[in-house]
Amino acid sequence: MVTLVGVAYRGKIALEDINVEFQVEPLESHTGIGFGVRELVTLKGNVSESERIRLERASNFCPVGQSMSKGSMQIVDEVRWSSGETVAASPVSAELQPLAGSIPIIPPGTVFGMYLIDTQEHDDKGDMIGEGEAKVNIKFQNLTRPSRSIVVGGHSSEGMVPGPFPLAHSGWASSTVATLSRLLPFGENGAEGLKVELFMAAFAGGAREAQTNAAEGTVGYRNVTRRINIPGTPTDIPLDAVQAALLRDPMSITYQNGGVLLSHDVVVA
Amino acid sequence: MAEGNNAELADQVQPNIAAQYVGNETVNATIAVTPGPIGPWSYITGIPNSRLDVVAPPPAYLAVAGWAA
Numbered sequence: 246m247v248t249l250v251g252v253a254y255r256g257k258i259a260l261e262d263i264n265v266e267f268q269v270e271p272l273e274s275h276t277g278i279g280f281g282v283r284e285l286v287t288l289k290g291n292v293s294e295s296e297r298i299r300l301e302r303a304s305n306f307c308p309v310g311q312s313m314s315k316g317s318m319q320i321v322d323e324v325r326w327s328s329g330e331t332v333a334a335s336p337v338s339a340e341l342q343p344l345a346g347s348i349p350i351i352p353p354g355t356v357f358g359m360y361l362i363d364t365q366e367h368d369d370k371g372d373m374i375g376e377g378e379a380k381v382n383i384k385f386q387n388l389t390r391p392s393r394s395i396v397v398g399g400h401s402s403e404g405m406v407p408g409p410f411p412l413a414h415s416g417w418a419s420s421t422v423a424t425l426s427r428l429l430p431f432g433e434n435g436a437e438g439l440k441v442e443l444f445m446a447a448f449a450g451g452a453r454e455a456q457t458n459a460a461e462g463t464v465g466y467r468n469v470t471r472r473i474n475i476p477g478t479p480t481d482i483p484l485d486a487v488q489a490a491l492l493r494d495p496m497s498i499t500y501q502n503g504g505v506l507l508s509h510d511v512v513v514a
Numbered sequence: 010m011a012e013g014n015n016a017e018l019a020d021q022v023q024p025n026i027a028a029q030y031v032g033n034e035t036v037n038a039t040i041a042v043t044p045g046p047i048g049p050w051s052y053i054t055g056i057p058n059s060r061l062d063v064v065a066p067p068p069a070y071l072a073v074a075g076w077a078a
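So the sequences go chain by chain: Y and B.
Using the numbering used here, the first residue of the first sequence is number 246, and each one after it goes up by one.
Using the numbering used here, the first residue of the second sequence is number 10, and each one after it goes up by one.
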């Protein structure tokens with residue numbers, strides 16, 4: 246959302262407000278993704294059709310959308326056991342089969358983002374220096390009842406909230422932990438000590454270059470090293486078991502292959 | 010163009026993001042682990058299961074929340 250706010254501002258598009266809704270659906274497919282999303286972006290303001298199309302393209306190429314639907318993340322994996330050994334886990338053999346076992350089902354729900362326009366920041370000349378923040382309401386079906394949660398993300402100079410990009414990747418890292426906790430043969434202590442760390446260099450051009458890429462429909466590739474810390478030894482939990490389990494992780498599959506975006510509409514209200 | 014060399018990334022002392030299993034079908038993720046002027050921010054996510062309600066959204070929802078923001 247804040248990407249579109251920045252693109253609109255720099256393109257002198259009279260965007261007054263914006264919200265976005267994702268419908269999250271569990272999926273059973275041969276790709277094993279496990280879920281799909283339907284995205285509806287609603288623009289408010291005096292936005293012409295050509296401007297709407299420009300913002301639709303920017304929406305397709307926002308940094309998070311690129312990582313989840315266009316394979317922009319160049320991932321290198323390494324595995325470190327608590328016994329001390331560390332090995333590279335990329336690339337994975339093409340013959341390796343996904344590890345068997347049941348993984349967490351992603352329940353249906355919605356993710357609704359509202360732009361907090363009052364958090365937009367300007368300098369003394371009135372030029373926008375921070376796109377501001379978005380409040381995101383999450384609703385999902387829990388085991389016995391519907392559940393709700395709120396997350397706030399965006400760009401603010403005070404650093405009150407994380408940026409959308411790291412927020413999304415924290416979900417990817419958590420998904421990796423969730424999947425491995427379920428599939429790997431941990432001992433009597435379970436998955437205690439299982440940890441995933443992401444190492445990413447800062448994007449050289451910052452938010453402005455990311456917004457330029459989005460406006461132009463350009464994929465901005467990013468390198469990331471994912472370190473998977475496994476409790477135990479390589480004898481207890483071999484490398485190929487970790488690699489095979491990663492082939493089942495819904496978020497990792499999405500990052501590698503895309504395919505999560507089932508529909509995408511950008512409308513002017 | 011790719012940003013950041015993976016060999017350089019592996020030399021980073023601290024990760025940007027860390028996620029850890031904390032028991033009871035729950036994962037704790039922290040953004041901005043490296044000491045700096047902003048952060049850290051921590052988020053709990055729940056692993057859907059057939060035994061108990063999760064205390065927070067599943068991880069995929071946190072990722073989609075970032076997409077929405």
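For each residue, glycine too, the CB sits at the ideal point set by N, CA and C.
{"query": "Within-9 Å CB hit, Y:Arg302 to chain A", "result": "Among the protein chains in the structure shown, which are Y and B, there is no chain A."}
{"query": "Nearest residue (CA-CA) to Y:Asn474, options Y:Arg393, Y:Val422, Y:Gly450 and Y:Ala455", "result": "Y:Val422"}
{"query": "B:Ser59 burial status per 10 Å Cβ neighbour count (16 or more: buried)", "result": "exposed"}
{"query": "Cutoff 9 Å: B:Pro24 Cβ touching any chain Y Cβ", "result": "yes"}
{"query": "Chain-ordered chain Y contacts of B:Pro44 [CB-CB under 9 Å]", "result": "Residues of chain Y passing the Cβ test: none, with the nearest at roughly 13 Å."}
{"query": "9 Å Cβ cutoff, Y:Asn502 in contact with chain B", "result": "no"}
{"query": "Three-way DSSP call (helix, strand, coil) for Y:Leu507 in this model", "result": "strand"}
{"query": "Y:Phe410: CB within 8 Å of a non-hydrogen atom of the ligand NAP", "result": "The ligand NAP is not part of the structure shown, which contains no ligands of any sort."}
{"query": "Y:Gly504 versus Y:Lys370 - alpha carbon distance", "result": "43 Å"}
{"query": "Reference Y:Ser394; option with closest CA among Y:Ser401, Y:Asn382 and Y:Gly404", "result": "Y:Asn382"}
{"query": "Under 8 Å from the C-beta of B:Asn58: neighbouring residues of chain Y", "result": "Pro349 and Leu388"}
{"query": "Chain B residues whose Cβ lies nearer than 8 Å to that of Y:Phe410", "result": "Gly75"}
{"query": "9 Å Cβ cutoff, Y:His509 in contact with chain B", "result": "no"}
{"query": "Coarse secondary structure for Y:Ser328, derived from DSSP in three states", "result": "coil"}
{"query": "Close-in-space but distant-in-sequence residues of the same chain around Y:Pro414 (CB under 8 Å, 5 per side omitted)", "result": "Correcting the residue identity first, residue 414 of chain Y is His in this sequence and not Pro. So the qualifying residues of the chain are Ser312, Leu443, Met445 and Val469."}
{"query": "Chain B contact for Y:Ala436 (CB, 9 Å cutoff)", "result": "yes"}
{"query": "Y:Ile523, DSSP secondary structure in three states", "result": "Chain Y is shown only over 246 to 514; residue 523 of chain Y falls outside these bounds and no answer can be derived."}
{"query": "Sequence-distant residues of the same chain with beta carbon closer than 8 Å to Y:Gly377, five excluded per side", "result": "Val247, Val250, Tyr360, Leu361, Ile362, Asp363, Thr364, Gln365, Glu366, Gly399, His400 and Ser401"}
{"query": "Anticipated Cβ contact below 8 Å, B:Tyr30 with Y:Glu323, distance rounded", "result": "Wrong, their Cβ atoms sit about 18 Å apart, outside the cutoff."}
{"query": "Distance between Y:Pro391 and B:Val73 (C-alpha atoms, nearest Å)", "result": "18 Å"}
{"query": "For Y:Ser335 and Y:Val321, believed in contact at Cβ under 8 Å, the rounded distance", "result": "5 Å"}
{"query": "Cβ separation of B:Gly75 and Y:Leu506, assumed to be a contact under 8 Å, to the nearest whole Å", "result": "Between Y:Leu506 and B:Gly75 the Cβ distance is about 15 Å, and since that is not below 8 Å, they are no contact."}
{"query": "Where Y:Ile298 falls: helix, strand or coil (DSSP)", "result": "helix"}
{"query": "With 16 other Cβ atoms within 10 Å as the buried cut-off, status of B:Thr54", "result": "buried"}
{"query": "Distance, Y:Lys257 Cα to Y:Ser293 Cα", "result": "12 Å"}
{"query": "C-alpha distance - Y:Leu484 paired with Y:Trp417, whole-angstrom precision", "result": "20 Å"}
{"query": "Spatial neighbours of B:Thr35 in its chain, beta-carbon cut-off 8 Å, leaving aside the 5 residues before and after", "result": "Ile53, Thr54, Gly55, Ile56, Val63, Val64 and Ala65"}
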